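Enquirer: Right, I'll just put the structure down here and ask away after.
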Amino acid sequence: MRRIPTCVLTDAGPPEVTGGHAVDRHVQIGSLTKALTGTVLSRMAEAGTVGLDDPVERWLPAPPGTGVTLLNLARHTSGLPRLPPRLGRRDPYAGFGQAELLGLVRGLDTVAVRPPGAEEYSNLGYAVLGAALAAAGGAAYEELLDTHVLRPLGVTEVTAHPSPGRRLTAPGLLPGVRRRPWTMDGAILPAGGLWATPRAVAGLVVGLLVERRLGEPSVSWQSAGPLRWHNGATGDASVFAGAVDDGRWVVVHRLNGRAEDTDHAGVDRLGRPE
1149 MRRIPTCVLT
1159 DAGPPEVTGG
1169 HAVDRHVQIG
1179 SLTKALTGTV
1189 LSRMAEAGTV
1199 GLDDPVERWL
1209 PAPPGTGVTL
1219 LNLARHTSGL
1229 PRLPPRLGRR
1239 DPYAGFGQAE
1249 LLGLVRGLDT
1259 VAVRPPGAEE
1269 YSNLGYAVLG
1279 AALAAAGGAA
1289 YEELLDTHVL
1299 RPLGVTEVTA
1309 HPSPGRRLTA
1319 PGLLPGVRRR
1329 PWTMDGAILP
1339 AGGLWATPRA
1349 VAGLVVGLLV
1359 ERRLGEPSVS
1369 WQSAGPLRWH
1379 NGATGDASVF
1389 AGAVDDGRWV
1399 VVHRLNGRAE
1409 DTDHAGVDRL
1419 GRPE
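With the numbering used here applied, the sequence shown corresponds to residues 1149 to 1422, in that order.
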């Protein structure tokens, strides 16, 4: 039976770390990346670099008239499918690069599975959003993230490429053996490819959701009553991050185990919303 290393950070006390987890090692945060990509969009819109209602074809070689906007992509209402086609099985995103993404963008009208405005959670949509922001900003996604989110909040320890010595991956069945993480530093990066230390995630939650130092939380955050939250999961890592209106907040990160149990642990620490 695999160990489930766990790290819990809250506003109420010191970190709770078990099973060999750590507050200062980089771990995959999966779709929590989307909350940061949405914040980049909000900040670039406030600066006038992009418009929330910009059609995708303004920034990428998409067919004209698809009706898909940047805001659709951020809200999961683009009508694009959850996943890009033809992904691998063991390391699904390893072969999904910029060439593959742009090939899908050029046929965006045929790739969509629903009309714009219909809700369809989409990792592909966030990959397209990240590419559009990079084109509009004239910089790589990581540079935009640093400029618009990390540096203004004073948060470090968030990256697509942590040094091997700082990475923490899931333990395997045999002693000393670690599970190989998914490769997510290609076109899928803005949808779920970032690594961060748990203490950096806590800094983001406090800065974005509690203190709101960059304004109102972006549309990428999920809402349930007084709770703003987002989760994320890769092959062997899962995270839940959220805060409620009275200032309480939580970050739960686990290696191995079910992502649903990570979500439940986070919500239970805050108290379930009405």
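Idealized CB from N, CA, C, for every residue including glycine.
What you are looking at is a predicted structure, and each value in this text was computed from that prediction instead of being measured.
Whose C-beta lies closer than 6 Å to the C-beta of T1115 among residues of the same chain, with five residues either side of it excluded?
Expert: Residue coverage of the chain in this structure runs from 1149 to 1422, which leaves residue 1115 outside it and unanswerable.
Enquirer: For the alpha helix (DSSP H) that H1378 lies in, which residues bound it at each end?
Expert: If you number the sequence shown from 1, residue 1378 lands on position 230. Unbroken run through H1378 is the beta strand (DSSP E), L1375 to A1381; no alpha helix (DSSP H).
Enquirer: Below 7 Å, is the gap between the Cβ of M1192 and the nearest heavy atom of the ligand FMN?
Expert: You won't find the ligand FMN in this model; it holds no ligand whatsoever.
Enquirer: CB-CB under 7 Å to R1396, same chain, minus the five flanking residues each way: which ones, in chain order?
Expert: Translated into the one-based positions of the sequence shown, residue 1396 becomes position 248. Counting only Cβ-Cβ distances below 7 Å, and skipping sequence neighbours, we find D1159 and L1418.
Enquirer: How do the stretch 1367 to 1379 and the stretch 1179 to 1197 stand: do at least 3 beta-carbon pairs fall below 8 Å, yes or no?
Expert: Yes, since at least three Cβ pairs between the stretch 1367 to 1379 and the stretch 1179 to 1197 fall closer than 8 Å, the two stretches touch.
Enquirer: Pairs of beta-carbons, one from the stretch 1331 to 1350 and one from the stretch 1243 to 1250, closer than 8 Å: are there three or more?
Expert: As far as the Cβ criterion goes, the stretch 1331 to 1350 touches the stretch 1243 to 1250, which means the pair count is three or higher.
Enquirer: Starting from E1194 and walking both ways along the alpha helix (DSSP H), at which residues does that stretch end?
Expert: Sequence index remark: in the sequence shown, residue 1194 carries index 46 (1-based). That run of the alpha helix (DSSP H) goes L1180 to E1194.
Enquirer: Which partner residues of Q1370 appear in the DSSP bridge assignment?
Expert: Here residue 1370 refers to the residue found at position 222 of the sequence shown. Bridge partners of Q1370: W1377.
Enquirer: What is the DSSP secondary structure of R1173, reduced to helix, strand or coil?
Expert: Indexing the sequence shown from 1 puts residue 1173 at position 25. Residue state, collapsed to three classes: coil.
Enquirer: Under three-state DSSP, which class holds P1421?
Expert: Numbered from its first residue, the sequence shown carries residue 1421 at position 273. At P1421, the pLDDT of 49 sits below 50, so the modelled position is not reliable; the number obtained from the coordinates is stated separately. Coil at P1421, not helix or strand.
Enquirer: Would you kindly work out how many angstroms separate the C-alpha atoms of F1388 and V1399, rounded to a whole number?
Expert: As a position in the sequence shown, residue 1388 is number 240, starting the count at 1. As a position in the sequence shown, residue 1399 is number 251, starting the count at 1. For F1388 and V1399, the distance between alpha carbons rounds to 6 Å.
Enquirer: Closest by CA to R1173, which one among A1283, T1307, G1227 and A1372?
Expert: Stepping through the sequence shown from its first residue, residue 1173 is reached at position 25. That would be T1307, whose Cα lies nearest to the Cα of R1173.
Enquirer: Going by the CB atoms, is the gap between N1379 and L1189 shorter than 8 Å?
Expert: Taking the first residue of the sequence shown as 1, we reach residue 1189 at position 41. Taking the first residue of the sequence shown as 1, we reach residue 1379 at position 231. In this structure, N1379 does not lie closer than 8 Å to L1189 by Cβ.
Enquirer: Please classify A1385: does DSSP put it in a helix, a strand, or coil?
Expert: Translated into positions along the sequence shown, residue 1385 becomes position 237. A1385 falls in the strand class under three-state DSSP.
Enquirer: Just grab the DSSP bridge partners of V1165 for me.
Expert: As a position in the sequence shown, residue 1165 is number 17, starting the count at 1. Note: V1165 sits in a beta bridge opposite C1155.
Enquirer: In whole angstroms, give me the CA-to-CA distance for E1194 and T1258.
Expert: Sequence index remark: in the sequence shown, residue 1194 carries index 46 (1-based). Sequence index remark: in the sequence shown, residue 1258 carries index 110 (1-based). Taking the straight line from one Cα to the other gives about 32 Å.
Enquirer: Based on DSSP bridge pairs, tell me the residues matched to H1224.
Expert: Counting from one through the sequence shown, the residue named residue 1224 turns up at place 76. H1224 is not bridged to any residue.
Enquirer: Do the stretch 1279 to 1289 and the stretch 1202 to 1215 make contact, defined as three or more Cβ pairs closer than 8 Å?
Expert: With a cut-off of 8 Å, the stretch 1202 to 1215 and the stretch 1279 to 1289 count as touching, because enough Cβ pairs lie within range.
Enquirer: In the structure shown, what three-state DSSP assignment does V1392 receive?
Expert: Residue mapping note: residue 1392 aligns to position 244 of the sequence shown, counting from 1. Three-state DSSP puts V1392 in a strand.
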